[in-house]
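Written below as structure tokens is the structure these notes are about.
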Amino acid sequence: MLLETGEVDINTRDALDRRTPISWASMNGHEAVVKMLLDTGKVNINSRDTVGRTPLSYAIKNGHEAVVKMLLNTGNIEARLNGRCSQTALSWAAENGYQIVVKMLLDTVTGKLKDDSTDDG
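Counting from 1, one number per residue, gives the positions in the sequence shown under UniProt numbering.
Below, the structure is given as structure tokens:
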């Protein structure tokens, strides 16, 4: 497969919006492509396009719950990133009424906050 050759830049950006392949796959709900890109271990899952949108925000905005779950399960997603309009992943999910995604995001952010805390306060 082409990805296995190591000769492909999987974080390349398109000329118009500066979106990466993972952004396009997430935006369009292509679960198999998202999985394939994640499996390389080289994809920048927090890449931002010209308006500050991330693969996670695209997956949420377009209602691709399975893709959201895959991205969150990497443990490397920055769910608190926001775009130019100050919308976070959580605000996209809440605005669109995706209650399950809201819960997934809250669980993820809460888990990260707990991981970042120390016992001494």
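C-beta: ideal position from N, C-alpha, C; glycine also.
Everything numeric in this text was worked out from a predicted model, so none of it was measured.
**Item:** Complete alpha helix (DSSP H) runs within the region 59-83 (minimum length 4 residues, chain order)
**Value:** If only complete runs of 4 or more residues are kept, the region 59-83 shows the alpha helix (DSSP H) at 65-73, in order along the chain.
**Asked** Exposed or buried, which one is Val51 when buried takes at least 16 other CB atoms within 10 Å?
**Response** If you number the sequence shown from 1, residue 51 lands on position 51. The residue in question, Val51, is exposed, as its Cβ has fewer than 16 Cβ neighbours within 10 Å.
**Request:** Please say whether Arg48 and Thr40 have beta carbons closer to each other than 9 Å?
**Result:** As a position in the sequence shown, residue 40 is number 40, starting the count at 1. As a position in the sequence shown, residue 48 is number 48, starting the count at 1. No, they are not a contact pair.
**Asked** Excluding sequence positions up to five away, which residues of its chain have a Cβ less than 6 Å from the Cβ of Ala89?
**Response** Within the sequence shown, the letter at position 89 stands for residue 89. Correct list, in chain order: Leu56, Ser57, Ile60, Ala79 and Leu105.
**Prompt:** Along the chain, where does the alpha helix (DSSP H) that runs through Ile22 open and close?
**Reply:** Your numbering for residue 22 matches position 22 in the sequence shown. Here the alpha helix (DSSP H) through Ile22 covers Pro21 to Met27.
**Request:** Compute every distance between the C-beta of Ser26 and the non-hydrogen atoms of the ligand COA, then say whether any falls below 8 Å.
**Result:** Summarising the ligand content, the structure contains no ligands, and the ligand COA is consequently not present.
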